[in-house]
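Heads up, the sequence shown is in the UniProt record's numbering, so the first residue is 1 and it goes up one at a time.
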Amino acid sequence: MAKNIQAIRGMNDCSPTESPLWQWIEGQVRQILSSYGYSEVRMPIVESTPLFARAIGEVTDVVSKEMYTFWDNDEQLTLRPEGTAGCVRAAIEHGWIYNNEQRLWYMGPMFRHERPQKGRYRQFHQAGIEVFGIATPEIDAELIILTARLWKALGIDQHVSLQLNSIGSLEARANYRSALVAFLENHQDLMSEEEKERLVKNPLRILDTKNQALQDVLDDAPKLLDYLDDESREHFAQLCGLLDAVGIQYEINPKLVRGLDYYNKTVFEWVTSALGAQGTVCGGGRYDGLVEQLGGHATSGIGFAMGLERLVLLVQEVNKSIPVKSAVDIYVVYQGEGTTLAAFQLAEKLRSELPHLSTMLHCSGGNFKKQFKRADKSGATLALVLGESEVQNNQVVVKHLLGAAEQQTIDVANLIEHVKAQF
């Protein structure tokens, strides 16, 4: 017997029982982004590898260790590990952003070759926002307020908290980097080999180390906020003032730098402890130099991405009243001579006149007992029953599968209005 082929480690299937929750969460995301006037864009999942090396940074863990990269003839290609670089590439290529403001969003799979764990997979899904052409702190505030509104819609707002920081301009960050390296060089005895390598290549990433001994030392390290340029400091102060004014609570985390090289000024993360160790649900920030870095005209930018797998786990953990309905509303069963055609016609009539309801037609034969077992398993609210006598009398039996209401025999002419009243 041939060996069963399994899904690749860290790349998961979504079952019929799981997909309704995914669809509900995605629907909430779409509705809220639409209410703020954002437009959907769709980009390829495969991009030229140099795009990510230039955008994210060659010494970042994502580019150096985690990308799925392959050769196609003479071109090196990569499965996208995140969405911002591809969105910026598309905006430059198609001229979406010149002399124009754009508020864009996307949703889809991303890929990173890392160790799979709860809520973190090799193929994962993100919803992201990218805004171009707006340099003021008002848009930074809007993105954060928008996410807060989404958390409330998902019923998780009491289980996430906002961490905020400013990493300033490139020049300010370079000055801070020098001060941080000088401080950390005296504590290399606490570092792993990987952390020593980061000290040379990307020292700011040491700020979010999981090494507790090093974390304790970092409490006395120079603070990035003390090295901010005046413009970044004023931008951050205005952002905090806007968030205070609308009642968004936040913690200023001087160690928050994010893992990608393109960020400047504002960075933020929404984190939760409801899934065990504290984890990031959503993160982003400003990247005012990225468009120019990738070959476009100088254009300000800001964005964020949220992990949908993390959101699914969090909603399952803390929201016990998720309004996710069954995939089937009405199940049509039939048995006897002349009932098959009548059942098909009835099902199509329901789909035409009640398109907001889902109607499933039993198609695998069997007696009524077997068919009702299928109807119960479908989760449908109603079963519509056609036997020979019902077809002859132009009637249908309406049986409630949920609750204790008695079944009724209804004339087909009155069925649509009767069904409407049940939903």
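No residue lacks a Cβ here, since even glycine has one placed at the ideal position from N, Cα and C.
Predicted model only: the values in this text are computed from it and were never measured.
Asked, Found
"Top-ranked residue by Cα proximity to residue 362, from 352, 5, 345, 132", "345"
"Endpoints, alpha helix (DSSP H) assigned at residue 408", "Here residue 408 belongs to no alpha helix (DSSP H); instead the beta strand (DSSP E) covers 408-411."
"Bridge partners - residue 433, DSSP secondary structure assignment", "Given a span of 1 to 423 for the chain in the structure shown, any question on residue 433 remains unanswerable."
"Residue burial classification, residue 442 (beta-carbon count within 10 angstroms, cutoff 16)", "Nothing in the structure corresponds to residue 442, since the chain is present only between 1 and 423."
"Sequence ranges, alpha helix (DSSP H) only - wholly within the segment 8-60, length at least 4", "19-35, 49-56"
"Residue closest to residue 126, alpha-carbon to alpha-carbon, out of 333, 412, 105, 117", "105"
"Closest Cα partner of residue 75 within the set 7, 48, 67, 24", "48"
"Residue 227 in three-state terms, based on DSSP", "helix"
"Candidates 264, 271, 77, 178, of which the one nearest residue 251 by Cα", "271"
"Proximity of residue 140 and residue 302 at Cβ, strictly below 8 Å", "yes"
"DSSP state of residue 82 mapped onto helix, strand, coil", "coil"
"Backbone CA spacing between residue 247 and residue 144 [nearest angstrom]", "12 Å"
"Euclidean distance between Cα positions of residue 128 and residue 360", "35 Å"
"Through-space distance from residue 24 to residue 134, alpha-carbon basis", "31 Å"
"Anticipated Cβ contact below 8 Å, residue 55 with residue 204, distance rounded", "Their Cβ separation, rounded to whole angstroms, is 17 Å, which puts residue 55 and residue 204 out of contact at 8 Å."
"C-alpha distance - residue 88 paired with residue 416, whole-angstrom precision", "50 Å"
"Chain-order list of residues whose beta-carbon lies under 8 Å from that of residue 412 (same chain, five-residue window excluded)", "346, 394, 395, 396"
"Identity of the residues DSSP links to residue 264 by a beta bridge", "286"
"Stretch pair the segment 85-100 + the segment 57-66: three plus CB contacts closer than 8 Å", "no"
"Rounded straight-line distance, which links the Cα of residue 178 to that of residue 137", "28 Å"
"Nearest-angstrom beta carbon gap, residue 155 and residue 227 [assumed within contact, 8 Å]", "In fact, because the Cβ distance is near 40 Å, the residues do not count as touching under 8 Å."
"As assigned by DSSP and simplified to three states, the class of residue 326", "coil"
"Buried or exposed (CB count within 10 angstroms, at least 16 for buried), residue 297", "exposed"
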